[in-house]
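Accompanying notes for the structure given below.
In my numbering, the protein residues as written are 97 to 607.
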């Protein structure tokens, strides 16, 4: 099963192109501010990952890594409660239309300008869409129910259809209580069990307990912003199936550490059976930054083994968690190509793409990312120039950054600039900000903080509130014959709101 690929440039109206065709298409030199400013609340939350209080509220991520991830045990308790309430065992929503469309956003809920900048272009591109899916991290920083009115209900008040979601690790930092209350109608404080080992008492003492839920405030927010009958979701659980005559969409909950529990694994194998084409939506991507993360299942096996099995007929897998867009068309050797996508650019801070090495899992010419590596390096160089008060040293134009990426990676990184000499300054900035050499991994390299820790909160520090934002979302159109996936850019520029640039497009046959 082969997919037809496109760089998306043919999908533009208005003649601006996209980031692959021009700097203007990427949002550099924005001429007109976006109308999203009119949607902002009177007081925009001053959200910053540099604040110790924000990091402290997110501490369950560190505790899960040090002492073990309790999300599997918590999830089983909550799923049991849902089933006792009468939720269907298969956690399936049936939609009868064989032809339909939906939009998919990942990692949305910071509640600031970068989230709201996605809304106008998304609503324009989503005309006629039947529903929305949020893939990972609905609410930052810690999934609390009290943040849903301003970071979920208000931003998407004008989307007319229902919204389904799979939780991300941040949604789990309050034990998934806010997520379950809003999406599944379950108010249950599923506290983790006692940890074993000599330091179990410390894990239990440090673990951030679920906060209280103000049910009346959530009811009022739903009534005020998303109270229409067509906007009601009725999601059966934290993992679910949307079953249609043409395509089965399977959403899985990967908890904090990126695995699924034994019960969810058995459910996934069951709903993956049969020849109907399937699409996986997951909180953490299976391929990202040219690395393979197959997602372990408690008791043995991986999610990707289920996806790769020809008998299950998966055609694509889409994950959030990483805040940019990436696509890996992976050939399986049996005539099939599976499309693995990262779609986490729905509103939160941008994770760098210039740190992605020359790809090994797929040919570099078939790999797609947004923002382009050169745009990513240019954006980060300007941030560091500002932070360190050294703009003359660090600031690279998009053309200078693209040339530096070309030299270090040995690739043609897009936009078709003429070849130019790379200055010593640009070489230094590319090295310092983590552009790898070719396809080499960056293990142990000394770099300024851009992607991973040692310096744990690298890209989380790279949060800005002016164009170009380099956010993105997907529109998926389904017929009996094919699945069409388009990645749209959300630059924050008014010039791009009515016709958001198409950065990538792929058509996947379903027969």
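Heads up, the beta-carbon is just placed ideally off N, CA and C, and yes, glycines get one too.
For residue j and residue i, believed in contact at Cβ under 8 Å, the rounded distance
i	j	result
residue 306	residue 273	4 Å
residue 314	residue 244	6 Å
residue 284	residue 174	6 Å
residue 278	residue 347	Not a contact, Cβ separation roughly 15 Å.
residue 167	residue 268	5 Å
residue 57	residue 510	Here the chain comprises residues numbered 97 to 607, so residue 57 is not present and cannot be evaluated.
Sequence-distant residues of its chain with Cβ nearer than 6 Å to residue i (five each side left out)
i	result
residue 232	202, 203, 264, 379, 416, 417
residue 454	460, 505, 507, 534, 535
residue 109	In this predicted model, residue 109 has a pLDDT of only 41, less than 50, meaning its place in the structure is not dependable; the value taken from the coordinates is given anyway. Excluding positions up to five away in sequence, the list reads 595.
residue 392	355, 398
residue 574	196, 342, 343
residue 339	188, 190
residue 588	130, 213, 563, 565
residue 227	198, 257, 258
residue 405	none
residue 489	none
residue 381	415, 438
residue 309	241, 277, 283
Contacts around residue i, its chain only, beta-carbon distance under 8 Å, and the 5 residues preceding and following it disregarded
i	result
residue 539	Unreliable positioning characterises residue 539 in this predicted model, as indicated by a pLDDT of 45, which lies under 50. The coordinate reading is nonetheless provided below. Nothing meets the Cβ criterion.
residue 327	255, 256, 257, 258, 259
residue 282	174, 177, 178, 181, 276
residue 550	At residue 550, the pLDDT of 33 sits below 50, so the modelled position is not reliable and the matter cannot be decided from this model.
residue 165	351, 352, 353, 355
residue 576	194, 195, 341, 342, 606, 607
residue 487	478, 481
residue 211	204, 205, 247, 251, 442, 443, 444
residue 520	none
residue 522	492, 496, 497, 499, 500
Cβ neighbours of residue i in the same chain (closer than 7 Å, five flanking residues each side left out)
i	result
residue 491	477, 478, 481
residue 590	128, 129, 130, 131
residue 593	130, 131, 216, 217, 220
residue 302	155, 159
residue 253	321, 322
residue 318	249
residue 371	409
residue 333	175, 178, 183, 187, 280
Contact test: residue i Cβ vs the ligand SAM heavy atom, cutoff 8 Å
i	result
residue 481	The ligand SAM is absent from the structure shown, which contains no ligand whatsoever.
When the options are compared against residue i, the one with the closest alpha-carbon
i	options	result
residue 170	349, 509, 121, 374	349
residue 225	214, 200, 213	200
residue 426	387, 291, 442	387
residue 198	588, 513, 579	579
residue 566	531, 458, 474	474
residue 40	602, 208, 343	The displayed coordinates of the chain run from 97 to 607. Any statement about residue 40 would go beyond what the structure contains.
residue 516	332, 494, 371	494
residue 92	140, 581, 572, 444	The chain is shown from 97 up to 607; residue 92 falls before or after that span and cannot be answered.
residue 514	531, 496, 522	496
residue 300	361, 562, 572, 289	289
residue 560	368, 483, 361	483
residue 395	291, 374, 360, 429	360
residue 345	373, 529, 325	373
residue 147	509, 237, 192, 308	237
residue 457	600, 523, 385, 602	385
residue 230	296, 161, 138, 331	331
C-beta atoms of residue i and residue j nearer than 9 Å
i	j	result
residue 122	residue 585	yes
residue 470	residue 498	yes
residue 181	residue 357	no
residue 419	residue 447	yes
residue 564	residue 286	no
residue 114	residue 598	yes
residue 250	residue 321	yes
residue 422	residue 399	no
residue 335	residue 187	yes
residue 376	residue 413	yes
residue 153	residue 247	no
residue 293	residue 266	no
residue 207	residue 150	no
residue 463	residue 298	no
residue 241	residue 270	yes
residue 449	residue 434	no
residue 337	residue 367	yes
Quick check on the DSSP output: what are the complete alpha helix (DSSP H) runs of length 4 or more inside the segment 189–221, in order along the chain? You should have 209–212, 215–221.
Could you give the uninterrupted runs of the alpha helix (DSSP H) lying entirely in the segment 429–514, keeping only those of 4 residues or more? Segments of the alpha helix (DSSP H) lying fully in the segment 429–514: 469–483, 487–490, 494–505.
For the segment 368–440, which segments carrying the beta strand (DSSP E) assignment without a break, of at least 3 residues, lie completely within its bounds, in sequence order? Every beta strand (DSSP E) stretch that sits fully inside the segment 368–440 and reaches 3 residues is listed by chain position as 374–378, 410–415, 421–427, 433–439.
What alpha helix (DSSP H) runs, 4 residues minimum, are completely inside the segment 236–274? Secondary structure remark: continuous alpha helix (DSSP H) runs of at least 4 residues inside the segment 236–274: none found.
Which complete alpha helix (DSSP H) runs does the segment 117–189 hold, if anything under 4 residues is left out? Taking 4 residues as the minimum length, the alpha helix (DSSP H) runs contained wholly in the segment 117–189 are 119–122, 148–153, 156–163, 167–180, in order along the chain.
What runs of the beta strand (DSSP E), each 3 residues or longer, lie entirely inside the segment 316–360? Counting whole runs of 3 or more residues, the segment 316–360 contains the beta strand (DSSP E) stretches 336–339, 344–348.
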